[in-house]
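Under UniProt numbering, think of the first position of the sequence shown as 1, with each following residue one higher. Note that the Cβ used here is the ideal one computed from N, Cα and C, for glycine as well. The structure presented is a predicted model; accordingly, all values stated were derived computationally and were not measured. Working notes, structure below.
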Amino acid sequence: MYGVRENFESRFRKWRQLRFGFVDGLCLIPPRRSTSSDTKRYIVTLDLNGPDHAQRELDDIEQRYESVKRNSGILRLKGEVVKANFQDLQFISDIGNGSCGHVSKMSYRGHVMAVKDMVRTSNKEDNKRIIMDLDVISRAEASHHIVLCYGYFISETSVKVCMEVMASCLHTLLRSANRLGIRIAEGYIGKMTVCIVQGLDYLKDHLNVIHRDVKPSNILLDWNGAVKLCDFGISGQLIESRAHTVQAGCPPYMAPERFDPRFNSDYDIRSDVWSVGISLVELATGTYPYSHIDSEFAILAAIVRDPSPTLPVNMNFSVHFHDFIAQCLQKDFKCRPKYKALLNHPFILNSERDQMHDLVVLVQDNVVPEALFEAVQRMLKNAGPVKSLPYHIERSEK
């Protein structure tokens, strides 16, 4: 199901660009069963912005680009500020491919970092994602729950962002747990949730930004058990606490109001609260809550018309966890709590006090086996010898 969702996200974005340029639009109308079935027709739509909205958004992106371009080549490493050339960085190994570009492990004067290489093209939508990601990550260094950016290099053809090396993402962590036949304990999920909500609250309070693409693959863990948000390519600026531009994230994690023409260009941070709820259900059960639906677009229709997902009653989750999920997944976004209310929920307060579930243990028990498995798989596929073990394995052996 993971591959299906990621492939769907790519197809969805390409479809938007081909059909509407860089303006989002989607209309889903399930086929009629009879001429009298009008009351059973469900229309799911992303409203279209006019040219004025689009032009203002492009102007804003250009201003952000000029602002961040001035700091190109400046690296901040452990309190030291240096001016560097990208050619001074030494390649160590590949890490993988993200939604915005290829990520490599590199070093600069002994400082190991993850470098995300994003190609600049003539596609305005792609360039907008790059600049938004760069703008947010470079302004969020004070937060312990946003991945740390050391600096970046901007050229005419690419943007290379230097970030701290993380151990894994929740998508990979869940895949590893499923492969090992285990479930991630509620206590660990509670610890993660505290960090996720605090990170989103920081974006709102300090940067006036809504993430808009919250999902397991955009939530990272480091080897000290810290949980951090990443990938801000489609984040949006809030005006009077509301998002006034339509920008699709990963549709299977998007809130119902994002598909409703009455609200989709005037929603707020509570759409991300829904995405948090869906992600937590997936972590707790090991399965994406709409995975039983085969059709990709039927998933989007189900998000709008079907009852919200819930935690299974036979999996012994606490009453507070059940209630937290129910609050996050209220169909009416006006009934959903905002971040400050969530941070005062008993599930969060109990998780903050919990000293039995150390995320360091969770990462080491799940990420190392996953990394070893992938290394062996590469060797078995005749990809040649593994030039270097993943960073976290090298570190654990020292």
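Residue i versus residue j: straight-line alpha-carbon distance, rounded
i, j, result
"Arg336", "Cys328", "6 Å"
"Arg305", "Pro251", "15 Å"
"Ser72", "Gly101", "18 Å"
"Arg70", "Asn123", "22 Å"
"Glu282", "Phe324", "14 Å"
"Val313", "Gly190", "18 Å"
"Glu257", "Gln364", "38 Å"
"Lys340", "Leu220", "22 Å"
"Gly79", "Leu89", "19 Å"
"Gln94", "Val119", "Note that residue 94 corresponds to Asp in the displayed sequence, not to Gln. For Asp94 and Val119, the distance between alpha carbons rounds to 17 Å."
Other residues of its chain near residue i: CB distance less than 8 Å, five sequence neighbours each side excluded
i, result
"His320", "His345, Pro346, Phe347, Asn350"
"Val214", "Ile196, Leu200, Leu229, Gly249, Tyr253, Asp272, Ser275, Val276, Ser279"
"Tyr150", "Leu75, Arg76, Leu77, His111, Met113, Cys162, Met163, Glu164"
"Ile293", "Ile299, Ala302"
Buried versus exposed call for residue i [16 or more other C-beta atoms within 10 Å across all chains shown]
i, result
"Thr121", "exposed"
"Lys128", "buried"
"Ile182", "exposed"
"Asn218", "buried"
"Met132", "buried"
"Phe91", "exposed"
"His211", "buried"
"Ser168", "buried"
Which residues DSSP lists as bridging residue i, in chain order
i, result
"Lys83", "Ile74"
"Val119", "Ser158"
"Ala114", "Lys105, Met163"
"Asn224", "DSSP, once it has assigned bridges, lists no residue as partnering Asn224."
"Phe317", "Phe317 pairs with nothing; no bridge assigned."
"Leu229", "Ile146, Ile219"
"Ser93", "Lys105"
"Gly151", "Cys162"
"Cys169", "Leu220"
Cut-off 7 Å between Cβ atoms - residues of its own chain near residue i, not counting five sequence neighbours on either side
i, result
"Ala84", "Gly73, Leu75, Tyr108"
"Phe317", "Glu186, Ala284, Leu311"
"Arg270", "Phe333, Arg336, Lys338"
Residues of its chain near residue i, where Cβ-Cβ distance is below 6 Å and the 5 sequence neighbours each way are ignored
i, result
"Ala140", "Ile146"
"Tyr202", "Ser143"
"Gln330", "Arg336"
"Met192", "Val227"
"Ala177", "Ile184, Asn366"
Original post:
Using 8 Å as the threshold, is the segment 181–197 in touch with the segment 219–229, meaning 3 or more CB pairs across them?
Top reply: Judged by Cβ distances under 8 Å, the segment 181–197 makes contact with the segment 219–229, as three or more pairs qualify.
Subject >> At least three beta-carbon pairs within less than 8 Å, the segment 155–165 to the segment 99–118 >> reply: yes
**OP:** Indicate whether the contact test is met: 3 or more Cβ pairs, each with one atom in the segment 298–312 and one in the segment 167–185, closer than 8 Å.
**Re:** no
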